[in-house]
Amino acid sequence: MVEKLVITGNEGSALAFKQIEPDVVAAYPITPQTELMHNFARYIADGLIDTDLITVESEHSAMSACVGAASAGARVMTATSANGFALMWEILYIAASSRLPIVMAVVNRALSAPINIHCDHSDTMGGRDTGWIQFYAENTQEAYDLLITAVPIAEHPDVQLPVMVCYDGFIISHTNEVVEVLDDKTVKDFVGEYKPRINILDTDNPFTFGPLDFHDYYIEHKRQQVEGMKHAYNVIPEVFKKYEDVSGRRYEYFEKYRFDDADVVMVVLSSTAGTAKVVVDELRGEGLGVGLLKPRVFRPFPHDKLREALKDKKSIVVLDRSDSFGAFGGPLFTEIRSALYGIENPPEIIDFIYGLGGRNITKDELKTAFMKAVDIAEGAEVKNRVDYLGVRE
Amino acid sequence: MANLKELASRPERLIGGHRLCAGCGASILVRQVLLSIDKPMVLSNATGCLEVATTIFPYTSWAVPWMHNAFENAAATISGVETAYRHFKRQGKIDKDIVFVAFGGDGGTYDIGIQSLSGAIERGHRFLYVCYDNQAYMNTGIQRSGSTPYGAHTMTSPSGKVIPGKMQKRKDLTMIIAAHHLPYAAQVSPSHWRDLNKKVEKAISYDGPTFINALSSCNRGWRHKMEDTIEILRVAVDTCVWPLYEIEEGILRITYKPREKKPVEEWLKPQGRYKHLFTPKYEHLIGEIQKDVDQRWERLQKLEGCFVGEKDK
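From first to last, the protein sequence lines are chains C and F. Note that the working numbering has the first sequence beginning at 1, numbered continuously upward. Note that the working numbering has the second sequence beginning at 394, numbered continuously upward.
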């Protein structure tokens with residue numbers, strides 16, 4: 001049964017948490033994640049679900065307790081933002097390297113300093129090499145859906161990796177939208193029962209978890225972790241397909257919007273893609289052949305699929321909502337550009353860093369970005385390959 | 394309470410072949426703690442000598458489920474494990490009683506892990522946290538910690554020409570933990586194994602968080618003969634440098650009072666980390682140390698006096 005609700009991103013995520021009903025959640029308050037946990041704690045307080053919520057004293061302990069509970073064979077979830085994500089950093093690596101299928105909602109927010117509570121992607125982009133699978137949701141519908149799909153992906157025996165589902169702080173987390181939600185049973189059946197291979201509570205079969213691992217084995221274990229991520233690359237579409245069967249909503253590595261016949265393409269993550277679609281429509285109305293590509297999965301990065309999709313375009317404009325100081329372009333740009341390396345007559349590609357600390361992005365600014373790529377497609381010289389949008393300079 | 398024969402007949406949980414140094418206090422202490430528990434158990438361990446020397450992949454010295462996460466989070470980690478256990482027990486997926494024990498050194502407990510421990514205790518998880526306190530960061534090569542005593546030489550508080558070792562007093566972690574009003578907190582020393590055994594048995598009987606601070610020597614850092622470990626620890630107790638006491642349901646009791654309190658020189662002298670105190674330039678510090686030990690011991694006894702008769706009420 002499908003129901004339509006008007007809810008915020010945090011309410012939608014809390015609902016996904018409730019319907020998944022993990023065994024253990026350990027979390028710490030941080031804006032703009034807080035309402036997610038308020039709602040979730042309320043479900044527990046009202047006896048609607050039987051999850052144990054550990055209200056830890058820091059995000060470091062949140063992820064540490066998640067690692068402990070997951071090692072005990074529990075299905076475990078958490079949520080955070082920005083500085084809280086940064087405080088988890090050490091344990092993010094340990095969760096992934098210990099192959100623990102923890103699912104986390106990250107409500108994207110700018111990192112300090114200066115302190116700022118609004119959206120950008122500097123938190124999770126900084127964590128792109130922690131070994132977690134990363135999904136980026138455009139809206140509440142996607143955040144809800146991707147959280148549910150994250151569970152069987154993370155727990156797949158060939159994957160065994162944690163997944164973070166990222167959505168934009170305030171823009172999505174605090175904004176009401178119409179969302180189609182599944183009934184509890186459909187979600188329960190979809191995520192199924194978690195059957196861990198080993199667990200630390202099995203006192204009859206004692207295991208040593210987290211041993212010291214030197215140069216004689218460490219690199220092999222890292223190599224196995226890479227295999228897990230490679231397997232995820234195949235498991236993700238399988239799970240997305242199964243989800244389409246129960247929800248009617250189709251998910252792929254990336255969404256294409258008025259893409260196939262476009263000469264000029266914008267690549268952008270998360271909520272900005274919504275605004276960009278409107279801009280695409282308007283520019284199309286002016287006769288310009290523009291389109292959009294919105295990656296949903298950033299790790300594992302779908303480099304071959306993106307190359308195939310983008311190879312015949314004339315120009316590409318990437319929008320990055322985080323900077324990579326000292327690098328040549330933002331994280332999305334460097335990945336896309338690298339994916340296009342080595343093909344014949346690759347499209348020109350430019351990057352705009354935008355929206356840091358929640359700076360609003362307007363249709364006019366997106367048009368400016370598009371028009372620069374249109375000019376380049378028509379033969380204009382690339383002057384500033386990496387530039388800034390909506391910044392007073 | 395188990396007698397010596399019973400203790401000796403229990404299976405070893407930390408088995409031989411590990412690579413802790415000869416004369417290390419940690420392995421003696423851990424064996425004493427674990428032999429005191431006659432139930433299935435699950436352990437977590439902060440980063441430190443005990444962790445690195447017992448689990449060099451692909452080998453392990455642990456005959457019971459054991460887990461290492463990171464340095465500062467042994468308590469948060471076990472709180473996650475224990476929560477999962479309670480969850481599964483409530484759902485009828487597990488029926489046995491499991492005892493949860495976390496081990497951390499003084500670095501992992503007094504310093505970097507104090508927040509994680511404080512949080513886990515406040516939340517009321519049922520686990521025993523054992524700090525093996527060898528009074529410095531020994532695993533990384535003997536650096537001063539919040540537990541390193543006044544006047545002790547370490548690599549980051551070296552005794553030099555103008556500074557005689559660590560110039561700050563150690564923090565009183567046992568009392569800090571007791572201030573959480575948890576059901577049971579105690580200090581132990583492996584030199585007094587009977588006292589230790591009794592305290593562990595008491596600790597695990599409580600349905601809540603409990604804490605044991607155990608003095609443990611590191612002969613590499615303390616600079617004493619490796620065969621003298623237990624003797625040095627005994628002297629720590631007999632000089633009242635390391636009093637043995639417990640705080641059970643709020644009531645403090647000193648569990649061992651030396652018939653004759655030994656002078657602090659007997660504790661300092663055999664340890665190379667205090668060698669500089671026995672030179673004319675710095676020998677006046679010994680008096681200061683004695684004064685501090687006396688003061689702490691007197692206060693502890695006064696505190697105990699406050700509770701006389703309390704338990705019978």
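Cβ coordinates follow ideal geometry from the N, Cα and C atoms, glycine included. The model shown is predicted, which means the values in this text are computed figures rather than measured ones.
Fill in: Own chain residues within Cβ distance below 6 Å of Met-164(C), not counting five before or after
Met-104, Val-106, Trp-132 and Gln-134
Item to complete: Indicate whether the contact test is met: 3 or more Cβ pairs, each with one atom in the region 43-62 of chain C and one in the region 211-221 of chain C, closer than 8 Å.
Response: No, the region 43-62 of chain C does not touch the region 211-221 of chain C.
Practice prompt. Just tell me which of Ile-153(C), Lys-383(C), Asp-263(C) and Ala-262(C) has its CA closest to the CA of Glu-238(C).
Written response: Ile-153(C)
Discussion item. Please report whether the beta-carbon of Asn-466(F) lies at a distance below 8 Å from any beta-carbon of chain C.
Written reply: yes
Fill in: Nearest-angstrom Cα separation, counted from Met-37(C) out to Phe-352(C)
Note on geometry: alpha-carbon atoms of Phe-352(C) and Met-37(C) lie some 34 Å from one another.
Item to complete: Please compile the residues from chain F whose C-beta is within a distance smaller than 9 Å of the C-beta of Cys-119(C).
Response: Those do not exist, as Cys-119(C) stays about 29 Å from chain F at its closest Cβ, beyond 9 Å.
Worksheet entry | Of the listed residues Ser-338(C), Gln-19(C) and Asn-116(C), nearest to Asn-39(C) (C-alpha basis) | Gln-19(C)
Worksheet item: Exposed or buried, Ala-419(F), counting other C-beta atoms within 10 Å across all chains shown (16 or more means buried)?
Response: buried
Practice prompt. Evaluate contact between the region 229-237 of chain C and the region 73-93 of chain C, counting only Cβ atoms and requiring at least three cross-stretch pairs below 8 Å.
Written response: Judged by Cβ distances under 8 Å, the region 229-237 of chain C makes no contact with the region 73-93 of chain C, as fewer than three pairs qualify.
Practice prompt. Would you mind telling me which residues of chain C sit closer than 7 Å to Gly-497(F), beta carbon to beta carbon, in chain order?
Written response: In chain order: nothing, as chain C lies at least about 13 Å away.
Worksheet entry | Member of His-221(C), Thr-130(C), Cys-166(C) and Ile-30(C) whose CA lies at the smallest distance from the CA of Tyr-136(C) | Cys-166(C)
Worksheet item: On the premise that Phe-254(C) lies in contact with Pro-302(C), defined as a C-beta separation below 8 Å, what is that separation, rounded to the nearest angstrom?
Response: Contact check for Pro-302(C) and Phe-254(C): beta-carbon distance about 7 Å, within the 8 Å limit, so the pair qualifies.
Worksheet item: So, is the C-beta of His-215(C) closer than 8 Å to a C-beta in chain F?
Response: At least 8 Å separates the CB of His-215(C) from every CB of chain F.
Item to complete: State the Cα-Cα distance for the pair Lys-363(C) and Asp-145(C), rounded to the nearest angstrom.
Response: Using only the alpha carbons, I get a separation of about 27 Å.
Discussion item. Contact defined as beta carbons within less than 8 Å: I believe Pro-656(F) pairs with Gln-683(F). What is the distance between those atoms, to the nearest angstrom?
Written reply: 7 Å between Cβ atoms; contact.
Worksheet item: So, helix, strand or coil for Gly-498(F), using DSSP?
Response: Gly-498(F) falls in the strand class under three-state DSSP.
Worksheet item: In chain F, which residues lie less than 8 Å from Leu-87(C) when you measure between Cβ atoms?
Response: Result: empty, since nearest Cβ-Cβ is about 11 Å, beyond 8 Å.
Worksheet entry | Cutoff 6 Å; reference Gly-9(C); Cβ partners in own chain excluding five residues on either side | Thr-140, Ala-143, Tyr-167, Ile-172 and Ser-173
Discussion item. Which residues in chain C have a C-beta closer than 8 Å to the C-beta of Arg-479(F)? List them in chain order.
Written reply: Asp-52
Worksheet item: Is the shortest distance between the beta-carbon of Val-24(C) and the beta-carbons of chain F less than 8 Å?
Response: yes
Worksheet entry | 9 Å Cβ cut-off: residues of chain C touching Glu-444(F) | Gly-210, Pro-211 and Leu-212
Worksheet entry | Per-residue DSSP class, three states only, for Glu-3(C) | Three-state result, Glu-3(C): strand.
Discussion item. I'd like to know if Pro-663(F) contacts chain C, where contact means its C-beta is closer than 8 Å to some C-beta of that chain.
Written reply: no
Worksheet item: Grouping DSSP H, G and I as helix and E and B as strand, with all else coil, what is His-174(C)?
Response: coil
Practice prompt. Look at Met-266(C) and Phe-333(C) and say whether their C-beta atoms are less than 8 Å apart.
Written response: no
Fill in: CA-to-CA distance, Arg-519(F) to Ala-353(F), given in whole angstroms
Nothing can be reported for residue 353(F): it is not among the residues displayed for chain F, which extend from 394 to 706.
Item to complete: Can you say whether Asn-527(F) is buried or exposed, counting buried as having 16 or more other CB atoms within 10 angstroms of its CB?
Response: Taking all protein chains in view, the Cβ of Asn-527(F) is crowded by 16 or more other Cβ atoms within 10 Å, so the residue is classified as buried.
Worksheet item: Which residues mark the beginning and the end of the beta strand (DSSP E) in which His-461(F) is found?
Response: 459-461
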